[in-house]
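J.: When you line the sequence shown up against our numbering, it's residues 3 to 356, in that order. Don't be surprised by glycine CBs; every beta carbon is placed ideally from N, CA and C. Please read through the structure below; I'll follow up with questions.
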Amino acid sequence: MSYLKQVALVNVEGLFSPAPAASYAKKVEIVQFLNPDGTVWTPVPAPVEPLKVVTKTTTTGEAVVGKKLTGTLATYEGGAEPVQELYQWQRSDTGDGGWSGITNWADTETNSSYTTVAADKNKYVRFASKAIDADDVTAYGSGNNVGPITAPPLIISDPTILTNGIFSNPPNVYAFETISMHGAVFAGGYGTISEKYRVQEQPGGVGDWVDLAGWQLGIPTYDVSQSAPGDKLRFSTQGKDSLGTQKTSNSPASTVGVATEIGTVTIAPPNTAGSPGSIITYDVLISGDANPMYIWSIRSGPGAIISPSNIGEEIEVRVNADATPGDSIQVQVTCTDPSASDNGVGAVATIVVN
Numbered sequence: 003m004s005y006l007k008q009v010a011l012v013n014v015e016g017l018f019s020p021a022p023a024a025s026y027a028k029k030v031e032i033v034q035f036l037n038p039d040g041t042v043w044t045p046v047p048a049p050v051e052p053l054k055v056v057t058k059t060t061t062t063g064e065a066v067v068g069k070k071l072t073g074t075l076a077t078y079e080g081g082a083e084p085v086q087e088l089y090q091w092q093r094s095d096t097g098d099g100g101w102s103g104i105t106n107w108a109d110t111e112t113n114s115s116y117t118t119v120a121a122d123k124n125k126y127v128r129f130a131s132k133a134i135d136a137d138d139v140t141a142y143g144s145g146n147n148v149g150p151i152t153a154p155p156l157i158i159s160d161p162t163i164l165t166n167g168i169f170s171n172p173p174n175v176y177a178f179e180t181i182s183m184h185g186a187v188f189a190g191g192y193g194t195i196s197e198k199y200r201v202q203e204q205p206g207g208v209g210d211w212v213d214l215a216g217w218q219l220g221i222p223t224y225d226v227s228q229s230a231p232g233d234k235l236r237f238s239t240q241g242k243d244s245l246g247t248q249k250t251s252n253s254p255a256s257t258v259g260v261a262t263e264i265g266t267v268t269i270a271p272p273n274t275a276g277s278p279g280s281i282i283t284y285d286v287l288i289s290g291d292a293n294p295m296y297i298w299s300i301r302s303g304p305g306a307i308i309s310p311s312n313i314g315e316e317i318e319v320r321v322n323a324d325a326t327p328g329d330s331i332q333v334q335v336t337c338t339d340p341s342a343s344d345n346g347v348g349a350v351a352t353i354v355v356n
């Protein structure tokens, strides 16, 4: 606003003086004012406080891709009205300069939060501000920044498992088996997590691991007969997120063992007779080279195993006291050896009650 000096009108010509009744002064038009020295007087503008920043913006939040950042507004004072405040999210390679806009400058508070994206990885981000007054004077109120923005960690929530179809992560596998895997499960990261799989061998069980097949999209299988006893095998799962962050989960290693065979299983005596209360001792023989565990059971009939354990090459069976003549008792042995290609074979002997 301008201020006008005090002005007095003197010696105005063209007026009736003294003015007769009901007379009016002629129209007077003032075209300029002069200073006492004869120069043209110009109005003096009202004093204006300079535009300045009172408080700068602040930026808070976790410096991780995919996390939300929050900005607080700057405050300004002074400046020729109207004063316009503008805000923008910006990123920088170093945080010391070279800021570029992520969003457009806006004069509203609707963009006071921002969720970081892949392009922000390893960058610095801030909530920037500036104010512009009616005289085009600009004051910048950008405060702190957050960064560098890091990639969220990729986590293995369930590890890779090697399986022979019966056991998970068996210590030994054998030439007659085909092994496969259960892929690892990943969590965390950013965006979509893709997975690949492979099988590896450690020749002789020492030294470096060798890829038997490169990374592939499907779950692989492997015929153990392609490896030699003493070699170690394992499966791997690789997880990779949208930022390129990778993590690999390896299964425990299984050693290729020497395969065996149980062969023919024979129980002695194979068939016998016994009275109520009789005790019969059984032995088992196999024709193969395995060293199995022998597990005995009463398959049917009025008999009971009376040995301290039902495991071993020899067992004692007693005919129940309430057995009646003609009853039949079947005694079964099962031979288990994971190294045997015929694991789980067995035989049955019979006791006839007399």
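With burial defined as no fewer than 16 other Cβ atoms inside 10 Å of the residue's Cβ, what is the status of residue 295: buried or exposed?
T.: Classification of residue 295: exposed, given that the 10 Å Cβ count is below 16.
J.: Assuming residue 113 contacts residue 150 under a Cβ cut-off of 8 Å, what Cβ separation, rounded to an integer in Å, is found between them?
T.: With 8 Å as the limit, residue 113 and residue 150 do not qualify as a contact, their Cβ atoms being about 22 Å apart.
J.: What is the rounded straight-line gap between the Cα of residue 345 and the Cα of residue 226?
T.: 17 Å
J.: What separation, rounded to the nearest whole angstrom, lies between the Cα atoms of residue 259 and residue 159?
T.: CA-CA distance, residue 259 to residue 159, rounds to 31 Å.
J.: Mind checking whether residue 222 and residue 199 have CB atoms under 8 Å apart?
T.: yes
J.: If you drop the 5 nearest sequence neighbours on each side, which residues of the same chain put their C-beta closer than 6 Å to that of residue 237?
T.: 162, 164, 183, 201 and 253
J.: Hey, could you find the ends of the beta strand (DSSP E) residue 160 is sitting in?
T.: 156-160
J.: Please name the residue in 192, 188, 169 and 190 whose C-alpha comes closest to that of residue 181.
T.: Comparing Cα-Cα distances from residue 181 to each of 192, 188, 169 and 190, the minimum goes to 169.
J.: If I'm right that residue 287 touches residue 256 with Cβ under 8 Å, what's the distance once you round it to whole angstroms?
T.: Rounded, the Cβ-Cβ distance is 31 Å, inconsistent with contact.
J.: If distances are taken between C-alpha atoms only, which option among 105, 42, 249 and 231 comes closest to residue 175?
T.: 231
J.: On the DSSP bridge list, what partners appear for residue 237?
T.: BP columns for residue 237 point to 201.
J.: Span of the beta strand (DSSP E) holding residue 116?
T.: 115-117
J.: Closest to residue 292 by CA distance: which of 305, 284, 339 and 144 is it?
T.: 339
J.: Mind checking residue 356: buried by the 16 CB within 10 Å criterion, or exposed?
T.: exposed
J.: Once you ignore the five residues that flank residue 78 on each side, which residues in its own chain have a CB closer than 8 Å to its CB?
T.: 53, 54, 55, 56, 85, 87, 133, 141 and 143
J.: According to the neighbour-count rule (16 or more other Cβ atoms, all chains shown, within 10 Å of its Cβ), is residue 39 buried or exposed?
T.: exposed
J.: Which same chain residues end up closer than 6 Å to residue 266 when comparing Cβ atoms and leaving out the 5 residues on each side of it in sequence?
T.: 289
J.: Measuring only the C-alpha atoms, how far is residue 282 from residue 336?
T.: 18 Å
J.: Quick test of your reading: residue 404 and residue 351, contact by CB under 8 Å. State the CB separation rounded to the nearest angstrom.
T.: In the structure as shown, the chain begins at 3 and stops at 356. Residue 404 is therefore absent and cannot be evaluated.
J.: Between which residues of its own chain and residue 308 is the CB-CB distance below 6 Å, once the five residues before and five after are set aside?
T.: 318 and 320
J.: Quick check on the burial criterion: 16 or more other C-beta atoms within 10 angstroms. Buried or exposed for residue 33?
T.: exposed
J.: What do you get for residue 219, buried or exposed, if any count of 16 or more other CB atoms within 10 angstroms of its CB means buried?
T.: exposed
J.: Looking at C-alpha atoms only, which residue of 251, 325, 120 and 189 is the closest neighbour of residue 303?
T.: Of the candidates 251, 325, 120 and 189, the residue whose Cα lies closest to the Cα of residue 303 is 325.
J.: Exposed or buried, which one is residue 18 when buried takes at least 16 other CB atoms within 10 Å?
T.: Its pLDDT being 48, under 50, residue 18 is placed unreliably by the model, and the measurement read from it follows with that caveat. Its Cβ having fewer than 16 others within 10 Å, residue 18 is exposed.
J.: Which runs of the alpha helix (DSSP H) fall wholly inside the segment 57-86 and span at least 4 residues, in chain order?
T.: none
J.: Could you tell me which uninterrupted beta strand (DSSP E) segments, each at least 3 residues in length, are contained entirely in the segment 233-286, listed from first to last along the chain?
T.: 234-242, 248-252, 256-258, 267-270 and 273-276
J.: Which stretch, first to last residue, makes up the beta strand (DSSP E) that contains residue 351?
T.: That run of the beta strand (DSSP E) goes 348-355.
J.: So what's residue 18 in DSSP terms, helix, strand or just coil?
T.: The pLDDT assigned to residue 18 is 48, lower than 50, so where the model puts this residue is not dependable; a value taken from the coordinates is nonetheless given after this. DSSP places residue 18 in coil when its eight states are reduced to three.
J.: Looking at residue 59 and residue 75, is the spacing between their C-beta atoms short of 8 Å?
T.: Contact: yes.
J.: Which one or two residues does DSSP pair with residue 91 in a beta bridge?
T.: Per DSSP, 129.
J.: With distances taken Cα to Cα, identify the nearest neighbour of residue 191 among 69, 136 and 274.
T.: 69
J.: Quick check on the DSSP output: what are the complete beta strand (DSSP E) runs of length 3 or more inside the segment 290-348, in order along the chain?
T.: 295-302, 305-307, 316-321 and 330-338
J.: Which of the three DSSP states, helix, strand or coil, is assigned to residue 190?
T.: strand
J.: Which stretch, first to last residue, makes up the beta strand (DSSP E) that contains residue 141?
T.: The continuous beta strand (DSSP E) containing residue 141 extends over residues 140-142.
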